[in-house]
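Position one of the sequence shown corresponds to residue 26 (the numbering used here), numbered consecutively onward. Note that the Cβ used here is the ideal one computed from N, Cα and C, for glycine as well.
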Amino acid sequence: MDMPGHGGHGGHGDHGDSGSRPMCAMNMAFNWNTENVCVLFDFWRVNSSTSLVLTCAAVFLLGYLYELARAGVRGWEKSHAPSGTLVSTSSSTPLVGTDAIRNDIRWKRALFYGLLVAYSYSLMLIFMTYNGFLILAVIGGAVAGHYAYSSD
């Protein structure tokens, strides 16, 4: 059914506008696409082999820097732990005990935690493109970063 005033276009968005770009590919299955893959934002697109290589390098770096950020937060927490407080060295729980920790330190810890959660969810969203190249870049960056910055 055509909408009144749309001249029989049937709701199609492309009106021959040469500046329009194809929609981002939204795959719900594992794929190796190299065109119309959007990464987090509409403007970050993979449309060529060159953009794929650059995007994989950027995603690898994001995974690597995530591990650096986690290590930095763990180090900051250790340096701000009251003397005698047991600090967790587990990579899955980068938080120190809360007994006798000043309120401002707890707020900063909570802020760092929130930032790390947002960062990790961004990596998860890249993973959820289901694009094999991007999945390997996320995993590769995380592995390299964990190897470089894990202390346990």
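Residue from Gly139, Pro47, Asp129, Glu60 whose Cα sits closest to the Cα of alanine 106: Start at 1 with the first residue of the sequence shown, and residue 106 comes out as number 81. Residue Asp129 is the option with its Cα nearest to alanine 106.
Proximity below 8 Å, CB of valine 71 to CB of valine 163: Residue mapping note: residue 71 aligns to position 46 of the sequence shown, counting from 1. Residue mapping note: residue 163 aligns to position 138 of the sequence shown, counting from 1. No, these two residues do not count as a Cβ contact at 8 Å.
Through-space distance from arginine 131 to glutamate 60, alpha-carbon basis: The count along the sequence shown starts at 1 and reaches residue 60 at position 35. The count along the sequence shown starts at 1 and reaches residue 131 at position 106. One C-alpha to the other measures close to 45 Å.
For cysteine 81 and tryptophan 57, the rounded distance between their alpha carbons: Working through the sequence shown from its first residue, we reach residue 57 at position 32. Working through the sequence shown from its first residue, we reach residue 81 at position 56. C-alpha separation (whole angstroms): 12 Å.
Check whether leucine 65 and isoleucine 151 have beta carbons under 8 Å apart: One-based indexing of the sequence shown puts residue 65 at position 40. One-based indexing of the sequence shown puts residue 151 at position 126. The answer is yes: Cβ separation under 8 Å.
Collapsed DSSP secondary structure at cysteine 81 in the structure displayed: Mapped onto the sequence shown, residue 81 falls at position 56. Correct three-state label for cysteine 81: helix.
Between the CA atoms of glycine 166 and leucine 86 - distance to the nearest angstrom: Reading the sequence shown from its first residue, position 61 is the one you call residue 86. Reading the sequence shown from its first residue, position 141 is the one you call residue 166. When rounded, the distance between both Cα atoms is 6 Å.
Cβ separation of alanine 96 and tyrosine 146, assumed to be a contact under 8 Å, to the nearest whole Å: Indexing the sequence shown from 1 puts residue 96 at position 71. Indexing the sequence shown from 1 puts residue 146 at position 121. About 19 Å separates the two Cβ atoms, so there is no contact after all.
Contacting residues, own chain, Cβ-Cβ under 6 Å from leucine 161 (five flanking each side not counted): Taking the sequence shown and counting its residues from 1, one reaches residue 161 at position 136. Same-chain partners within the cutoff: there are none.
Separation of lysine 103 from leucine 140, as counted between CA atoms: Mapped onto the sequence shown, residue 140 falls at position 115. Mapped onto the sequence shown, residue 103 falls at position 78. Those two C-alpha atoms are separated by around 18 Å.
Beta carbon of valine 98 nearer than 8 Å to that of phenylalanine 158: Within the sequence shown, numbered from 1, the residue matching residue 98 stands at position 73. Within the sequence shown, numbered from 1, the residue matching residue 158 stands at position 133. Not closer than 8 Å, so no.
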